[in-house]
Amino acid sequence: MTGLDNLYREIIMEHYKNPRNKGLVENQDYRLFRIKNPSCGDDITIQTLVVDGIIKDCRHIGHGCSISMASASVLTELMIGKSVEEAEKIADNYLNMVANKEYDENIDLEEAEVFSGVRQFPARIKCASIAWVAFKDTLK
Amino acid sequence: MTGLDNLYREIIMEHYKNPRNKGLVENQDYRLFRIKNPSCGDDITIQTLVVDGIIKDCRHIGHGCSISMASASVLTELMIGKSVEEAEKIADNYLNMVANKEYDENIDLEEAEVFSGVRQFPARIKCASIAWVAFKDTLK
Amino acid sequence: MMNNPWKKDFPQLTDGSVYFDTAATSLKPQSVIEAVNHYYHDLSANIHRGMYEAAVITTELYERTRETVAHFINANPEEVIYTRSTTAGLNMVSYIYGLEKLNEGDEIIVSELEHHSSFLPWQNVAKKTGALIRFIELNQEGRITVEAFKKVLNDKTKVVALTYVSNVMGYITPIKEIIELAHQYQAIVIVDAAQAIQHIKVDVKDLDCDFLAFSGHKMLGPTGIGILFGKYALLKELDPMEYGGDMNEDVNKDVSTWKEAPFKFEAGTMPIASVLGLEAAIRYIENIGIQNIHEHVTKVHRYALAQLNQISGITIYNKGSETGIISFNIDNVPSHDAITFFAEKKVALRAGQHCAKLICDWLGIYSCMRASIYIYNTYKDVDLLVETVKQAVEYFQELGF
Amino acid sequence: MMNNPWKKDFPQLTDGSVYFDTAATSLKPQSVIEAVNHYYHDLSANIHRGMYEAAVITTELYERTRETVAHFINANPEEVIYTRSTTAGLNMVSYIYGLEKLNEGDEIIVSELEHHSSFLPWQNVAKKTGALIRFIELNQEGRITVEAFKKVLNDKTKVVALTYVSNVMGYITPIKEIIELAHQYQAIVIVDAAQAIQHIKVDVKDLDCDFLAFSGHKMLGPTGIGILFGKYALLKELDPMEYGGDMNEDVNKDVSTWKEAPFKFEAGTMPIASVLGLEAAIRYIENIGIQNIHEHVTKVHRYALAQLNQISGITIYNKGSETGIISFNIDNVPSHDAITFFAEKKVALRAGQHCAKLICDWLGIYSCMRASIYIYNTYKDVDLLVETVKQAVEYFQELGF
Ligand SMILES: Cc1ncc(COP(=O)(O)O)c(C=O)c1O
Ligand SMILES: Cc1ncc(COP(=O)(O)O)c(C=O)c1O
Chain A
165 MTGLDNLYRE IIMEHYKNPR NKGLVENQDY RLFRIKNPSC GDDITIQTLV VDGIIKDCRH
225 IGHGCSISMA SASVLTELMI GKSVEEAEKI ADNYLNMVAN KEYDENIDLE EAEVFSGVRQ
285 FPARIKCASI AWVAFKDTLK
Chain B
165 MTGLDNLYRE IIMEHYKNPR NKGLVENQDY RLFRIKNPSC GDDITIQTLV VDGIIKDCRH
225 IGHGCSISMA SASVLTELMI GKSVEEAEKI ADNYLNMVAN KEYDENIDLE EAEVFSGVRQ
285 FPARIKCASI AWVAFKDTLK
Chain C
18 MMNNPWKKDF PQLTDGSVYF DTAATSLKPQ SVIEAVNHYY HDLSANIHRG MYEAAVITTE
78 LYERTRETVA HFINANPEEV IYTRSTTAGL NMVSYIYGLE KLNEGDEIIV SELEHHSSFL
138 PWQNVAKKTG ALIRFIELNQ EGRITVEAFK KVLNDKTKVV ALTYVSNVMG YITPIKEIIE
198 LAHQYQAIVI VDAAQAIQHI KVDVKDLDCD FLAFSGHKML GPTGIGILFG KYALLKELDP
258 MEYGGDMNED VNKDVSTWKE APFKFEAGTM PIASVLGLEA AIRYIENIGI QNIHEHVTKV
318 HRYALAQLNQ ISGITIYNKG SETGIISFNI DNVPSHDAIT FFAEKKVALR AGQHCAKLIC
378 DWLGIYSCMR ASIYIYNTYK DVDLLVETVK QAVEYFQELG F
Chain D
18 MMNNPWKKDF PQLTDGSVYF DTAATSLKPQ SVIEAVNHYY HDLSANIHRG MYEAAVITTE
78 LYERTRETVA HFINANPEEV IYTRSTTAGL NMVSYIYGLE KLNEGDEIIV SELEHHSSFL
138 PWQNVAKKTG ALIRFIELNQ EGRITVEAFK KVLNDKTKVV ALTYVSNVMG YITPIKEIIE
198 LAHQYQAIVI VDAAQAIQHI KVDVKDLDCD FLAFSGHKML GPTGIGILFG KYALLKELDP
258 MEYGGDMNED VNKDVSTWKE APFKFEAGTM PIASVLGLEA AIRYIENIGI QNIHEHVTKV
318 HRYALAQLNQ ISGITIYNKG SETGIISFNI DNVPSHDAIT FFAEKKVALR AGQHCAKLIC
378 DWLGIYSCMR ASIYIYNTYK DVDLLVETVK QAVEYFQELG F
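Chains as they are written, first to last, in the working numbering: chain A, 165 to 304; chain B, 165 to 304; chain C, 18 to 418; chain D, 18 to 418.
Shown next, in the form of structure tokens:
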């Protein structure tokens with residue numbers, strides 16, 4: 165069961181149990197995007213506040229499997245403070261990594277690196293991606 | 165080419181070239197039924213006059229292959245003068261014969277017997293049947 | 018039971034994996050694979066229009082299958098329409114009957130047990146016509162009962178669209194009684210038999226249903242083929258949904274006319290290979306006997322349930338399931354986390370909402386796992402399933418779920 | 018040419034018969050048969066919803082095929098919708114666009130070259146919406162010309178539904194110029210590519226068509242699968258036609274929402290085996306190269322025409338055919354009489370109206386025979402065809418036709 169242990173890394177479980185930046189705020193300045201994946205029951209909303217090209221806040225809410233929930237939590241923590249440009253680069257790189265596509269190893273994914281184990285589970289790529297795709301949409 | 169020669173018997177060709185009882189009459193006492201077979205372009209109308217349970221007249225019009233045209237001609241000639249009951253029996257028997265189903269050899273199909281060659285050509289059963297099916301519908 | 022006599026007919030089962038996902042799609046016996054293959058390899062002709070030998074043979078097989086299907090469900094051949102799937106058949110009814118016949122204020126009865134393919138077409142009809150959707154209140158167990166049906170049935174009821182067997186709960190709907198009642202109110206009844214056809218005897222004359230749909234791929238047959246049964250009197254009167262080659266009698270620039278049912282409902286080239294494969298599937302089922310299938314499934318199901326009931330840390334939602342479907346969750350573990358564990362152990366289950374979100378809502382869950390049992394499943398398969406459930410409970414508990 | 022390098026790939030061609038009925042349905046190469054077989058024999062899983070290995074592999078192959086199709090016609094994958102057939106695809110457009118967008122007085126342009134599947138859905142839309150059908154006047158040869166198209170195009174034109182290649186005449190429609198003109202009037206153009214896709218390069222970006230449909234079974238692929246291409250901007254905006262499993266995003270008792278295109282147009286379990294077989298068919302065609310196919314067909318066609326032209330007692334209706342289709346009659350012999358002669362000689366042709374009655378009307382005939390040529394046909398096949406035509410002429414003359 166080494167494969168599964170690669171998926172359920174400690175950091176992931178930690179974020180799953182203690183999600184950061186959870187809950188939305190009522191503020192029109194935030195951009196919000198929601199994605200549902202009906203076949204698995206995932207439902208994630210990401211909320212982002214950008215000021216002067218810098219991500220000042222990033223929040224999430226929803227329900228789903230541990231991978232999708234943890235990846236949302238990791239995402240928000242990682243993105244706060246980044247420039248929009250940087251954030252997009254990181255998100256694209258992350259999405260490529262979990263999808264087992266080519267990605268730039270020089271771009272620092274920080275804690276999000278732990279989701280590399282997903283590559284061995286093609287059926288779970290969506291779980292790890294959904295929050296990040298929603299996040300990218302909040303930047304559009 | 166013995167098979168084909170069984171299909172295109174002299175009597176059939178004779179009826180095809182010199183159809184009997186061809187052309188409809190304008191008379192409300194006649195019952196009329198039309199059948200089209202769009203895939204082959206057959207289009208046959210049968211018109212029947214029944215008086216006191218006896219088929220007084222039977223006519224046909226349409227276009228189609230030689231088998232369908234000749235079988236319409238043979239049909240009309242054969243049916244005139246028969247009782248409705250007899251006619252139905254003969255028609256059913258004929259339809260069973262051309263479809264290669266069991267049929268009663270004791271019932272006299274007269275000239276229509278020549279269509280027995282159709283049995284070897286499953287794709288042509290419809291051609292030999294269409295007028296007879298229409299005829300049966302005029303009796304309903 | 019030690020030697021399952023049918024398992025050997027299913028070539029998919031060779032890598033030691035066990036298959037508990039028949040409710041999604043069944044495995045195929047060799048005879049079905051060969052029937053499809055025979056068409057592609059030896060015939061490969063179009064139907065109804067050819068005179069050469071392959072075309073004649075193909076047409077014969079195609080129409081013979083219609084008779085085989087008719088015999089299987091006790092219908093007349095001209096009441097059997099080939100479709101792409103259950104979904105296509107149920108949608109067709111919603112178009113040819115629902116959108117044409119329903120008006121504002123009319124009522125459509127459905128249930129929360131419906132598969133999306135049985136519910137959404139009628140939600141669409143309701144939206145477009147102004148008709149109202151009414152839900153039968155499910156009993157405590159989540160079942161449709163005749164009593165509850167009576168409470169929503171009334172003079173305004175025009176359509177009743179219900180599942181014969183729920184794909185999540187595995188319950189058999191008392192559909193015959195419901196149909197009898199509905200007909201007293203001149204409502205028509207559309208039966209979704211996608212999960213019934215492979216488990217119990219479906220007899221449309223006995224049920225007296227107006228329409229009934231199912232799919233080949235869930236009953237050992239090919240993908241891409243489904244059957245819509247419709248009472249001839251209805252089919253005769255209704256207009257086609259799709260227009261095109263082969264379904265017409267005469268085409269003119271201004272007006273055209275259609276063939277008789279069922280042909281007017283089959284436009285263009287149909288899934289010929291899958292039709293031929295479906296006949297082989299029905300033959301296979303008939304050879305075993307649907308009653309024997311039901312008994313086998315029931316036995317294996319009971320064996321599974323007895324053991325699963327002993328495991329603490331899981332919740333089973335349908336202990337009264339009658340068709341070999343077990344829906345459950347490992348407590349506190351989202352089903353998509355759990356399912357990965359089973360996939361790793363080569364135990365093929367399904368996780369999610371099973372295209373039946375309304376019953377998930379009713380159960381108060383986001384999703385669940387489903388194991389569905391069929392003839393190729395053995396006690397040994399169950400042992401592996403049970404063992405894997407135990408391991409999974411432990412694994413996820415240790416992870417801290 | 019002596020050794021046709023492709024013929025050996027088609028296992029149907031073993032009994033000495035020759036196949037000239039590709040326009041009805043094509044033969045299948047071994048690779049297509051095996052792709053279908055692979056699904057049934059080794060995978061047999063449903064897509065998009067499973068986590069176990071067979072389900073994951075099947076989903077990958079299913080979506081990879083979408084990319085293969087997209088590449089083949091130069092579309093984006095999200096513009097590629099799986100359907101049952103050309104007929105199903107063209108009907109879908111008539112529902113999701115035609116019935117929704119057209120109003121009384123709007124005009125729909127079609128031609129007498131249309132297959133019934135391209136014409137009848139629009140006759141239905143006209144009847145239901147009060148829109149008007151307008152026919153492009155064919156030129157002397159029976160062709161659609163840009164000039165004639167201009168005469169019917171006007172501000173009221175909302176839809177242009179035309180065949181890319183006629184299944185009776187074999188002519189290639191100047192569709193690109195027509196699309197450009199139609200777009201100047203904000204009309205959308207739906208292209209029936211059922212007879213084009215296997216003969217010429219179809220490039221939806223270059224054509225700039227709004228919708229385009231074709232069938233797998235006429236392009237060496239399986240039955241039961243077709244493709245509907247739609248421009249993404251249109252697909253995004255339009256509502257689904259069928260509702261059910263897998264096409265929704267969220268289902269609730271009151272309102273539901275749909276997935277993005279193309280998924281919202283694919284309800285329930287699709288013809289998975291046929292999708293996988295279609296990929297093999299496209300690969301097979303791409304390996305040969307569509308240009309090489311066209312050249313081969315053209316060569317064999319020219320060879321056939323040269324000889325048929327010498328035979329007195331037959332009438333050929335489309336000497337200018339560009340895609341290997343020869344439509345003809347033996348003078349004074351109904352086509353269904355004639356065709357039986359060919360069937361006896363194991364020469365597979367088709368007789369009838371070819372689901373295109375309007376062009377038969379235009380030609381002033383009830384029906385005709387059609388020989389259609391494809392890659393597996395050889396000069397030798399043609400010799401047999403020609404010889405059989407000669408014999409048939411003689412035979413029927415002697416009979417007194
Ligand atoms: C030009 C044309 N359009 C449409 C069709 C319909 O295709 P299908 O029968 O596969 O739906 C055909 C073939 O029959 C055709 O030749
Ligand atoms: C109860 C029920 N109805 C309808 C369907 C839809 O069947 P299909 O996907 O074959 O159209 C299914 C299966 O998915 C089902 O289980």
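Think of the CB as a built atom: it goes at the ideal place given N, C-alpha and C, for glycine as much as any other residue. Predicted model, so just to flag it, every value in this text is computed and none were measured.
- request: Consult DSSP for Gln211 of chain B and reduce its assignment to one of helix, strand or coil.
  value: Residue state for Gln211 of chain B is assigned as strand, using DSSP reduced to three classes.
3-residue-minimum beta strand (DSSP E) runs that sit fully inside the region 308–348 of chain C, ordered along the chain: Fully enclosed beta strand (DSSP E) runs of 3 or longer: 331–333 and 342–347.
field: Contacts of Ile50 of chain D in chain C (Cβ-Cβ under 8 angstroms)
entry: Correct list: Asn54, Tyr57 and His58.
query: So, Leu198 of chain D versus Leu229 of chain D, is the Cβ gap smaller than 8 angstroms?
result: Their beta carbons are not under 8 angstroms apart, which means Leu198 of chain D does not touch Leu229 of chain D by this criterion.
- prompt: Tell me which same chain residues have a C-beta within less than 8 angstroms of the C-beta of Ala165 of chain D, skipping the five on either side of it?
  reply: So the list reads Ile153, Glu154, Leu155 and Asn156, once near-sequence residues are dropped.
field: Own chain, CB closer than 6 angstroms to Tyr334 of chain C, minus 5 neighbours either side, in chain order
entry: Cβ neighbours of Tyr334 of chain C within its own chain (closer than 6 angstroms, five residues either side excluded): Ser344 and Leu380.
message: Between D:Phe282, D:Glu312, D:Asp398 and D:Arg300, which has its C-alpha nearest Phe35 of chain D's C-alpha?
response: A quick correction: the sequence has Val, not Phe, at residue 35 of chain D. Here the closest residue by C-alpha is D:Asp398.
Residues of the region 197–226 of chain A whose Cβ lies closer than 7 angstroms to any Cβ of chain D, in chain order: Cβ contacts with chain D come from Lys200, Pro202 and Ser203.
Short CB-CB distance (under 8 angstroms) between Met165 of chain B and chain D: Its pLDDT being 47, under 50, Met165 of chain B is placed unreliably by the model, and the measurement read from it follows with that caveat. For Met165 of chain B, the answer is yes, since a Cβ of chain D falls inside 8 angstroms of its Cβ.
query: Would you call Gln215 of chain C buried or exposed, if buried means 16 or more other Cβ atoms sit within 10 Å of its Cβ?
result: Buried.
message: So for Glu296 of chain D, helix, strand or coil by DSSP?
response: When DSSP states are grouped into helix, strand and coil, Glu296 of chain D belongs to the helix group.
- request: Report yes or no: do the region 245–265 of chain C and the region 124–140 of chain D share at least 3 C-beta pairs separated by less than 8 angstroms?
  value: With the rule of 3 Cβ pairs closer than 8 angstroms, the region 245–265 of chain C counts as touching the region 124–140 of chain D.
- prompt: Is the Cβ of Phe279 of chain B closer than 8 angstroms to any Cβ of chain D?
  reply: It does not; no Cβ of chain D falls within 8 angstroms.
query: Does any residue of chain A bring its CB to less than 8 angstroms from the CB of Met18 of chain D?
result: Since pLDDT at Met18 of chain D reaches only 49, below the 50 mark, its modelled position is unreliable, and the value read off the structure follows with that caveat. No, no contact with chain A.
task: Flag this pair as yes or no: are the beta carbons of Thr174 of chain C and Ala204 of chain C separated by less than 8 angstroms?
output: Going by C-beta atoms, Thr174 of chain C is nearer than 8 angstroms to Ala204 of chain C.
query: Run through DSSP, which three-state label would Arg151 of chain D get?
result: Strand.
query: So, helix, strand or coil for Val364 of chain D, using DSSP?
result: Three-state result, Val364 of chain D: strand.
field: CA nearest to the CA of Ile64 of chain D, picked from C:Tyr79, C:Ala41 and C:Gly285
entry: Checked all of C:Tyr79, C:Ala41 and C:Gly285; the closest Cα to Ile64 of chain D is C:Ala41.
query: What are the boundary residues of the beta strand (DSSP E) that Thr75 of chain C is part of?
result: Per DSSP, Thr75 of chain C belongs to no beta strand (DSSP E); it is in the alpha helix (DSSP H), Glu70 to Ile90.
task: Note down the Cα distance separating Gly205 of chain B from Leu107 of chain D, rounded to an integer number of angstroms.
output: Computed Cα separation, rounded: 25 angstroms.
query: Is Met264 of chain D helix, strand or coil by DSSP?
result: Coil at Met264 of chain D, not helix or strand.
query: Just reading off the alpha helix (DSSP H) that Ser280 of chain A is part of, what are its end residues?
result: Premise fails: Ser280 of chain A is in no alpha helix (DSSP H) and is neither H nor E.
- request: Show which residues of chain A have a CB atom less than 7 angstroms away from the CB atom of His88 of chain D.
  value: The contacting residues do not exist; His88 of chain D stays about 18 angstroms from chain A at best.
query: Taking Cβ positions only, does Ala287 of chain A come closer than 8 angstroms to chain D?
result: Chain D contact via Cβ: present.
message: Within 8 angstroms of any Cβ in chain D, is that where the Cβ of Lys181 of chain B sits?
response: Yes, Lys181 of chain B lies at the interface with chain D (some Cβ there is under 8 angstroms from its Cβ).
task: With DSSP collapsed to three states, give me the class of Ser389 of chain D.
output: Note: Ser389 of chain D maps to strand in three-state DSSP.
task: Report the option in A:Leu273, A:Tyr180, A:Asp169 and A:Arg288 whose CA atom is closest to the CA atom of Ile356 of chain C.
output: Distances from the CA of Ile356 of chain C to each of A:Leu273, A:Tyr180, A:Asp169 and A:Arg288 were compared; the closest alpha carbon is that of A:Arg288.
- request: Take every Cβ of the region 82–91 of chain D, pair it with every Cβ of the region 382–395 of chain C, and state whether three or more of those distances are shorter than 8 angstroms.
  value: Verdict: no, contact absent.
message: Distance cutoff 8 angstroms, beta carbons only. Does Arg66 of chain D sit that close to anything in chain A?
response: Closer than 8 angstroms: yes.
- prompt: Closest by CA to Gln211 of chain B, which one among B:Ser203, B:Ile225, B:Pro202 and B:Ile218?
  reply: Taking Gln211 of chain B as reference, the option from B:Ser203, B:Ile225, B:Pro202 and B:Ile218 with the minimal CA-CA separation is B:Ile225.
message: Tell me the DSSP secondary structure of Glu415 of chain D in three-state form.
response: It is helical.
message: I'd like to know whether the C-beta of Ile214 of chain C is nearer than 8 angstroms to at least one C-beta of chain D.
response: Output row for Ile214 of chain C: interface = no.
query: Leaving out five residues before and five after Asn265 of chain D in sequence, what residues of the same chain have Cβ atoms less than 6 angstroms from its Cβ?
result: Same-chain partners within the cutoff: Ser273 and Trp275.
- prompt: What do you reckon, is the C-beta of Ala368 of chain D under 7 angstroms from a heavy atom of ligand 1?
  reply: With a cut-off of 7 angstroms, the C-beta of Ala368 of chain D is classified as distant from ligand 1, since no heavy atom of the ligand falls inside that distance.
- request: Consider the Cβ of Ser389 of chain C: report whether some Cβ of chain F lies at a distance smaller than 8 angstroms.
  value: Among the chains of the structure shown, chain F does not appear; the protein chains present are A, B, C and D.
query: Under three-state DSSP, which class holds Glu404 of chain D?
result: Helix, per DSSP.
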